[in-house]
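Take the sequence shown: its position 318, counting from 1, is numbered 357 in my numbering, and each next residue is one higher. Ideal Cβ positions, reconstructed from N, Cα and C, are used throughout, including at glycine.
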Amino acid sequence: MSIQILMPALSPTMEEGKLAKWLVKEGDQVKSGDILAEIETDKATMEFEAVDEGRIGKILVPEGTEGVKVNAPIAILLGDGESAAPADIPSAMKSIQEAVTAEVKPKPAPAPKPQTVAAKSQTVVAPAPSGARLFASPLARRIAQQKGIDLEAVVGSGPRGRIVISDLEGAKPAAAKPVAAPAAAPQPSVSGAIAGIAPLPDARLFYKPDDYVEIPHDLMRKSIAKRLSSATALIPHFYLTVDCRIDELLAARARLNEASPKGEGGYKLSVNDFLVKASALALMRVPEVNASWTDSAILRHKHADVGVAVALDFGLITPIVFRAEEKGLVAISGEVKALAERARTKKLKPQEYEGGSFAISNLGMFGIKNFTAVINPPHAAILAVGAGEQRAVVIDGKLQAATVMTVTMSCDHRVVDGATGARFLQAFKQFVEEPAAMLL
Numbered sequence: 040m041s042i043q044i045l046m047p048a049l050s051p052t053m054e055e056g057k058l059a060k061w062l063v064k065e066g067d068q069v070k071s072g073d074i075l076a077e078i079e080t081d082k083a084t085m086e087f088e089a090v091d092e093g094r095i096g097k098i099l100v101p102e103g104t105e106g107v108k109v110n111a112p113i114a115i116l117l118g119d120g121e122s123a124a125p126a127d128i129p130s131a132m133k134s135i136q137e138a139v140t141a142e143v144k145p146k147p148a149p150a151p152k153p154q155t156v157a158a159k160s161q162t163v164v165a166p167a168p169s170g171a172r173l174f175a176s177p178l179a180r181r182i183a184q185q186k187g188i189d190l191e192a193v194v195g196s197g198p199r200g201r202i203v204i205s206d207l208e209g210a211k212p213a214a215a216k217p218v219a220a221p222a223a224a225p226q227p228s229v230s231g232a233i234a235g236i237a238p239l240p241d242a243r244l245f246y247k248p249d250d251y252v253e254i255p256h257d258l259m260r261k262s263i264a265k266r267l268s269s270a271t272a273l274i275p276h277f278y279l280t281v282d283c284r285i286d287e288l289l290a291a292r293a294r295l296n297e298a299s300p301k302g303e304g305g306y307k308l309s310v311n312d313f314l315v316k317a318s319a320l321a322l323m324r325v326p327e328v329n330a331s332w333t334d335s336a337i338l339r340h341k342h343a344d345v346g347v348a349v350a351l352d353f354g355l356i357t358p359i360v361f362r363a364e365e366k367g368l369v370a371i372s373g374e375v376k377a378l379a380e381r382a383r384t385k386k387l388k389p390q391e392y393e394g395g396s397f398a399i400s401n402l403g404m405f406g407i408k409n410f411t412a413v414i415n416p417p418h419a420a421i422l423a424v425g426a427g428e429q430r431a432v433v434i435d436g437k438l439q440a441a442t443v444m445t446v447t448m449s450c451d452h453r454v455v456d457g458a459t460g461a462r463f464l465q466a467f468k469q470f471v472e473e474p475a476a477m478l479l
């Protein structure tokens with residue numbers, strides 16, 4: 040009996056993916072555990088293993104296909120002696136394949152209905168016949184395009200029948216003539232639309248097609264846009280900022296790196312490794328921050344699972360150092376480097392970047408003094424780290440030079456109150472300014 044091979048759900052939040060590459064072809068024998076294909080999600084490219092034994096009878100989704108829904112059939116596996124019959128191919132998959140390969144043909148536009156406007160004192164000119172030159176002010180054209188109004192059905196009251204803004208007051212979008220957009224300039228769409236919030240106009244309305252180059256969204260960019268738009272709209276952010284002197288931390292880092300063995304077992308600690316450890320210990324000291332919001336309860340996490348934002352050429356991802364409070368600086372350093380390398384090659388597993396309880400975003404290496412970061416759900420806070428720089432500070436009543444780093448914590452006010460966030464930053468600052476306190 041034939042078996043449908045379905046698009047796998049490679050993470051709890053995955054809804055669709057890209058079938059990046061088939062590693063088998065029709066007629067190949069496979070057994071349980073064989074790698075069938077590479078599936079690209081919004082964060083990583085993962086291998087998909089066979090569960091059953093048999094022969095690949097039909098590949099339903101060609102490699103390179105994007106937007107394949109989870110649990111949609113992608114291939115048919117045949118048993119011994121079976122042959123692929125047309126009846127084995129699900130009709131739903133046929134429709135999907137046809138939709139992927141068929142050319143999109145624009146529907147003929149219906150004839151516009153006459154549009155009336157309020158009577159005016161000045162002389163007006165009848166609507167321009169189809170194909171005739173249409174006179175309208177640039178602003179009137181833009182507003183009509185945004186609202187979907189057919190200018191050919193609008194009576195112009197300006198000189199020579201020119202359409203002005205006031206002529207659009209009585210026009211309704213329903214009177215617009217739908218026109219199929221050419222491939223080079225697709226119909227305007229709204230991005231990041233959220234219930235109760237007016238959508239933004241498509242940016243292409245404001246520019247000529249020759250003035251820009253379109254770069255289609257990949258799965259990662261779509262995911263980033265969706266998650267962060269929701270986070271900024273639905274999470275009540277507030278921000279707390281503190282300055283930390285890091286001279287002692289830099290000195291400790293230099294001493295430890297100098298003592299690193301050569302070759303195997305060697306290490307090179309970064310400032311960020313210290314910050315991950317300091318954050319983890321501060322989360323243990325102020326557990327109210329180490330939490331996540333749900334509609335029915337606040338989840339108080341038992342371990343400090345700290346995400347580290349990694350900038351990629353094609354987006355951003357936050358792999359997680361789990362149980363960071365239990366790990367030493369060398370272990371944290373090695374783990375962060377390994378996670379970052381796998382992130383750049385899209386080889387991270389979902390369990391390595393999903394979840395967590397806190398995150399750090401460090402732009403200090405780019406010379407950024409301070410900034411604010413968007414909370415990454417399900418976290419309740421994220422720490423934005425700026426560059427360490429020489430500043431004049433007052434120490435024991437004397438003006439001295441010190442290396443100061445500004446950090447800003449974005450907090451979810453549903454979970455973290457102001458005083459709670461302040462106590463966390465106090466603990467974090469203590470660990471950063473006196474690294475030996477991390478040993479206590």
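First through last residue of the alpha helix (DSSP H) which encompasses residue i
i: GLN481; result: No answer is possible for residue 481: it lies beyond the span of the chain, which begins at 40 and ends at 479.
i: SER268; result: 258-273
i: ILE371; result: 368-383
i: GLU105; result: Where GLU105 is concerned, there is no enclosing alpha helix (DSSP H), although the beta strand (DSSP E) it sits in stretches over 104-108.
With 16 other Cβ atoms within 10 Å as the buried cut-off, status of residue i
i: PHE353; result: exposed
i: ASN110; result: exposed
i: PHE463; result: buried
i: ALA478; result: It should be noted that the sequence gives Leu, not Ala, for residue 478. By the neighbour-count rule (16 or more Cβ atoms within 10 Å), LEU478 is not buried but exposed.
i: ALA476; result: exposed
i: GLY93; result: buried
i: ALA131; result: Reliability fails at ALA131, whose pLDDT of 42 lies under 50, so the model's placement of it is uncertain and the value that follows must be treated cautiously. So ALA131 ends up on the exposed side.
i: ILE254; result: exposed
i: LEU58; result: buried
i: LEU239; result: exposed
i: LEU117; result: buried
i: HIS500; result: The chain is shown only over 40 to 479; residue 500 falls outside these bounds and no answer can be derived.
i: ILE312; result: The amino acid occupying residue 312 in the given sequence is Asp; Ile does not appear at that position. Per the 10 Å Cβ criterion, buried.
i: VAL252; result: exposed
i: VAL35; result: This structure gives no information on residue 35, because the portion of the chain shown stretches from 40 to 479.
i: THR357; result: buried
i: SER335; result: exposed
i: ALA412; result: buried
i: LEU320; result: buried
i: ALA141; result: Because ALA141 sits at a pLDDT of 42, beneath the cut-off of 50, its placement in the model cannot be relied upon, and the point is left open.
i: PRO248; result: exposed
i: TYR392; result: buried
i: ILE95; result: buried
Paired residues, beta bridge with residue i - DSSP
i: HIS276; result: ASP451
i: GLN184; result: BP columns for GLN184 are empty, so no partner.
i: VAL424; result: ASN401 and VAL446
i: GLU77; result: LYS60 and GLU86
i: LYS97; result: ILE115
i: ARG284; result: VAL443
i: VAL349; result: ILE356
i: ALA179; result: DSSP, once it has assigned bridges, lists no residue as partnering ALA179.
i: ILE202; result: ALA175
i: ILE414; result: Answer is none; ILE414 lacks a bridge partner.
i: ALA431; result: ALA440
i: GLU55; result: LYS108
Boundaries of the beta strand (DSSP E) in which residue i is found, first to last residue
i: SER318; result: Not the beta strand (DSSP E): SER318 falls in the alpha helix (DSSP H), residues 310-324.
i: ARG339; result: 337-339
i: LEU387; result: It is not in any beta strand (DSSP E) - LEU387 carries neither H nor E in the DSSP assignment.
i: ALA114; result: 112-117
i: VAL252; result: Neither: VAL252 is in no beta strand (DSSP E) and is coded neither H nor E.
i: LEU45; result: 42-45
i: ALA330; result: 330-332
Touching by the beta-carbon criterion (3+ pairs, under 8 Å), the stretch 437-451 and the stretch 243-262: no
At a cut of 8 Å, does the stretch 394-403 reach the stretch 424-433 through at least three beta carbon pairs? yes
For the stretch 295-304 against the stretch 444-451, are there 3 or more C-beta pairs whose distance is under 8 Å? no
Could you tell me whether the stretch 272-284 touches the stretch 453-467, where touching means 3 or more Cβ pairs closer than 8 Å? yes
Three Cβ pairs or more, each shorter than 8 Å: is that satisfied between the stretch 358-367 and the stretch 334-347? yes
Would you check if the stretch 40-52 and the stretch 73-88 touch, i.e. whether three or more CB-CB distances between them fall below 8 Å? yes
Do the stretch 96-106 and the stretch 58-72 make contact, defined as three or more Cβ pairs closer than 8 Å? yes
Is it the case that the stretch 376-391 contacts the stretch 68-75, given that we only count it when at least three CB pairs across the two stretches are under 8 Å? no
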